[in-house]
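As structure tokens, the structure follows; a few thoughts come after it.
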Amino acid sequence: MTGDPIRVLVVEDDPVAADAHVLYVGRVPGFTAVGKAHTGAEARRVLDRTPVDLLLLDLHLPDVHGLHFARSLRAAGHQADVIAVTSARDLAVVREGVSLGVVQYVLKPFTFATLRDRLTRYAEFRAAVGEASGQDEVDRALGALRAPSPAALPKGLSAPTLERVTVALRESAQGLTAAALAETVGISRITARRYLEHLVEAGTAGRSPLYGQVGRPELVYRWGRGR
């Protein structure tokens, strides 16, 4: 990709997730992370002093809802586009976001490949300039923002169970073993381990051995400790 990189501000209340998102952005050619903020107020200060083209915006910030924040930016004249990075699945929120410059939604938990795809599509849309020769060219420009069908989970895993596993892991400050997760969520230990390993592979969780017991140490999984 030629030209100046697209400048991205990461707005995410979870410090570990914010760091991960900054790293993800830096791995996509043509993009650069110009900063990170953990609250709406902090993001506003960055925007007032730093040119930003795109926000990776968590909708559930501690001091303001992401859409309210986006609306205040538009009122203040800020024109940065928004990719909402959120666990919110309310389609009414999605519709409202469209009018506020939200060009994409990325649902947590997600992999680097998912974010890379959204950023690449956004770059293609942004690169479309000049006058369209006809309807087909307009359709192609808008189509660049349309994500493909969601990538299928590994065989045997389901989105609803993955959501329950994610919530359980995020709410456990000390982390969970596969056995503890299985009891919490109501699935088998083997199945729990498959979901946990999927989150590790996605980079949104990490694992470490639990020592101090007889025999082979058990693995403890923690949210946000991914590579």
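Just so you know, we're using the numbering used here here: the sequence shown kicks off at 813 and counts up by one. Ideal Cβ placement from N, Cα and C applies to all residues, glycine included. These numbers were taken from a predicted model, which means no experiment stands behind them.
| Asked | Found |
| --- | --- |
| Integer-rounded CB distance, given that Val914 should sit under 8 Å from Val897 | No, Val897 and Val914 are not in contact; Cβ-Cβ is about 11 Å, not under 8 Å. |
| Reduced DSSP category for Ala1017 - H, G, I as helix; E, B as strand; rest coil | strand |
| Local conformation of Ala853 per DSSP, three classes | helix |
| Length of the line joining the Cα atoms of Arg819 and Ala925 | 19 Å |
| Option nearest Thr851 by Cα separation, candidates Thr844, Phe881, Asp860 | Phe881 |
| Enclosing beta strand (DSSP E) for Asp865 [first to last residue] | From DSSP, Asp865 is part of no beta strand (DSSP E); its letter is neither H nor E. |
| Contact under 8 Å by Cβ, Gly838 with Ala845 | yes |
| Arg976 beta carbon less than 8 Å from that of Ala991 | no |
| DSSP beta-bridge partners of Leu988 | Tyr1033 |
| C-beta contact flag for Ala832 and Gly1015 at 8 Å | yes |
| Residue from Asp875, Ile999, Arg982, Leu969 with nearest C-alpha to Arg1034 | Arg982 |
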